[in-house]
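To start, the structure itself, in structure tokens.
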Amino acid sequence: MRFLRRRSLPTLLALAATGVVTLAVPPTLAALDVLPWSQALILSGLLLLGMAVCALGAGLWMLRRTVHALNTAMDTHTRRVVEEIEAGRLEAARAGRQTHKSLERLETVTLPRMRHRFERKIRKQGHRDYAQQVAWTELRDHLGVPAAFMPKLRGWAASPDVLGVVVRHIDRLRPGLVVECGSGASTVWIGYALRRVGHGRLVAIEHEAVYAERTRDLVTDHGLDDIVEVRYAPLTEIEPDIVTVDGDRVTTADRWYDPSVLTDLVGIGVLFVDGPPEATGRQARYPAVPTLFPHCTEDAVIILDDTVRPDEKAMGERWLTENPELRRTEEPAEKGAHIFSRKGI
Numbered sequence: 015m016r017f018l019r020r021r022s023l024p025t026l027l028a029l030a031a032t033g034v035v036t037l038a039v040p041p042t043l044a045a046l047d048v049l050p051w052s053q054a055l056i057l058s059g060l061l062l063l064g065m066a067v068c069a070l071g072a073g074l075w076m077l078r079r080t081v082h083a084l085n086t087a088m089d090t091h092t093r094r095v096v097e098e099i100e101a102g103r104l105e106a107a108r109a110g111r112q113t114h115k116s117l118e119r120l121e122t123v124t125l126p127r128m129r130h131r132f133e134r135k136i137r138k139q140g141h142r143d144y145a146q147q148v149a150w151t152e153l154r155d156h157l158g159v160p161a162a163f164m165p166k167l168r169g170w171a172a173s174p175d176v177l178g179v180v181v182r183h184i185d186r187l188r189p190g191l192v193v194e195c196g197s198g199a200s201t202v203w204i205g206y207a208l209r210r211v212g213h214g215r216l217v218a219i220e221h222e223a224v225y226a227e228r229t230r231d232l233v234t235d236h237g238l239d240d241i242v243e244v245r246y247a248p249l250t251e252i253e254p255d256i257v258t259v260d261g262d263r264v265t266t267a268d269r270w271y272d273p274s275v276l277t278d279l280v281g282i283g284v285l286f287v288d289g290p291p292e293a294t295g296r297q298a299r300y301p302a303v304p305t306l307f308p309h310c311t312e313d314a315v316i317i318l319d320d321t322v323r324p325d326e327k328a329m330g331e332r333w334l335t336e337n338p339e340l341r342r343t344e345e346p347a348e349k350g351a352h353i354f355s356r357k358g359i
């Protein structure tokens, strides 16, 4: 309705103005004595009737134009809506086809590939778990551990297979002193290995006071205080080096165990390097050889854990370069293990 009023208002105003002017003509002529008043009144009535007819015709014409304009606008709007709906339908159809292709690829390619990788990973992990379980059982049986509950291995602790390597060299060398960089579950197992051979002692070095105390409690619980000493050696500042690891120049860790706590460690037959942790810095375990190797026996072995990591591999290369008399042997342990000795294994 607003549309109709907006379109018809100018025309109605024009017609009204014309009608007023036309109606004023007969009275004017009568006033000028051109027409008698009776004829002027009749003429005015005829003009009013004509104007009414004209107004009706004009209104019908305007209504027709308005209806036509409305029909045109409705047709245009309907066409746009239909076009947009059709475009949306085509887009939806394209999206549907693309989704179908994606689902088909997911079903025929991606999911089988993921399932294959997952199954392979599960099998590999299962083989690892089985191997570690076998290593744990063999280690326990070999040591003849009397305790019903042994501290858990793997994870942050050393794996059973690398402890098997440590025990094997303890059996072979019967060392008077074993030094372990890092402490925890492995400390107890190594203590049992020394008890089995009936010779030697273990000094486990720990940089965290709370963990040192926990390991001491474990040692006491297993009755190994006469064999095992857990020594607290906080990390102190050292001079870092700049080395190349996998083509990148990196700055090594600037902290290591307090050397003043280690001065009495002489005659080391087995050195097990499993600390400080990786988070301490790059090649955090490197100082073990420069500091302790001069205090090792001629037939001593150095066992480096976690050699699957680039830092540990690079450390081993530095040790070999700086100590040409050393030879290295790799052990197929879960987290990797390298054995260093003067004579080779």
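Just so we're on the same page, the working numbering is the position in the sequence shown counted from 1, plus 14.
Ideal Cβ positions, reconstructed from N, Cα and C, are used throughout, including at glycine.
Just so you know, these numbers come straight off a predicted model, no measurement behind them.
query: Hey, out of 174, 69 and 107, whose CA is closest to residue 31's CA?; result: 69
query: Can you have a look at residue 17 and say buried or exposed, based on whether 16 or more other CB atoms are within 10 angstroms of its CB?; result: Only weak support is given to the placement of residue 17: the predicted model assigns it a pLDDT of 46, under 50, and the question is left unresolved by the model.
query: With DSSP as the reference, label residue 263 as helix, strand or coil.; result: strand
query: Check whether the region 223-238 touches the region 263-274, counting contact only when three or more Cβ pairs, one atom from each stretch, lie closer than 8 Å.; result: no
query: Write down the C-beta distance between residue 276 and residue 247 rounded to the nearest angstrom, noting that I regard them as a contact closer than 8 Å.; result: 7 Å
query: In three-state DSSP terms, what is residue 18?; result: Interpretation of residue 18 is limited by its pLDDT of 46, a score under 50 that renders its predicted location unreliable; the figure taken from the coordinates is listed afterwards. Three-state result, residue 18: helix.
query: Using the beta-carbon count (16 or more within 10 Å), is residue 288 buried or exposed?; result: buried
query: Going by beta-carbon coordinates alone, are residue 311 and residue 281 separated by less than 7 Å?; result: yes
query: Residue 295 and residue 241 - do their beta-carbons sit closer together than 7 Å?; result: no
query: Comparing alpha-carbon positions, which option in 82, 278 and 329 lies nearest residue 302?; result: 329
query: To which residues does DSSP link residue 116 through a beta bridge?; result: Looking at the DSSP assignment, residue 116 forms no beta bridge with any residue, so it has no partner.
query: On the criterion of 16 or more Cβ atoms from any shown chain inside 10 Å, does residue 353 qualify as buried, or is it exposed?; result: buried
query: In the structure shown, what three-state DSSP assignment does residue 340 receive?; result: coil
query: What separation, rounded to the nearest whole angstrom, lies between the Cα atoms of residue 47 and residue 67?; result: 29 Å
query: Under the three-state reduction of DSSP, which class applies to residue 91: helix, strand or coil?; result: helix
query: Classify residue 268 as helix, strand or coil using the three-state DSSP reduction.; result: coil
query: By the DSSP assignment, the beta strand (DSSP E) with residue 1 in it spans what residues?; result: The requested residue 1 does not occur in the structure, where the chain is confined to residues 15 to 359.
query: What does residue 285 pair with, by DSSP beta-bridge criteria?; result: 193 and 316
query: Quick check on residue 212: buried or exposed, where buried means 16 or more other Cβ atoms within 10 Å of its Cβ?; result: exposed
query: In the structure shown, what three-state DSSP assignment does residue 225 receive?; result: helix
query: Closest by CA to residue 180, which one among 158, 109 and 315?; result: 315
query: From the DSSP output, in three-state form, read off residue 352 for me.; result: strand
query: Taking the beta strand (DSSP E) that residue 280 falls in, what are its first and last residues?; result: Counting along the chain, residue 280 falls outside any beta strand (DSSP E), and DSSP gives it neither H nor E.
query: Three-state secondary structure (DSSP) at residue 217?; result: strand
query: Which residues in the same chain have their Cβ closer than 8 Å to the Cβ of residue 313, if we skip the five residues on either side of it in sequence?; result: 187, 283, 355, 356 and 357
query: Suppose you measure from the CA of residue 106 to the CA of residue 112; what does that come to, to the nearest Å?; result: 10 Å
query: Assuming contact is defined by CB atoms lying nearer than 7 Å, are residue 229 and residue 198 in contact in what I supplied?; result: yes
query: Following the continuous alpha helix (DSSP H) through residue 306, name the residue where it begins and the one where it ends.; result: 302-306
query: Along the chain, where does the beta strand (DSSP E) that runs through residue 249 open and close?; result: 249-251
query: Decide if residue 158 is buried, meaning its Cβ has at least 16 other Cβ atoms within 10 Å, or exposed.; result: exposed
query: Within 10 Å of its beta-carbon, does residue 98 have 16 or more other beta-carbons around it, so buried, or fewer, so exposed?; result: exposed
query: Measure how close the beta-carbons of residue 347 and residue 175 come, nearest whole angstrom, since I'm counting them as under 8 Å.; result: 5 Å
query: At which residues does the alpha helix (DSSP H) containing residue 209 begin and terminate?; result: 199-211
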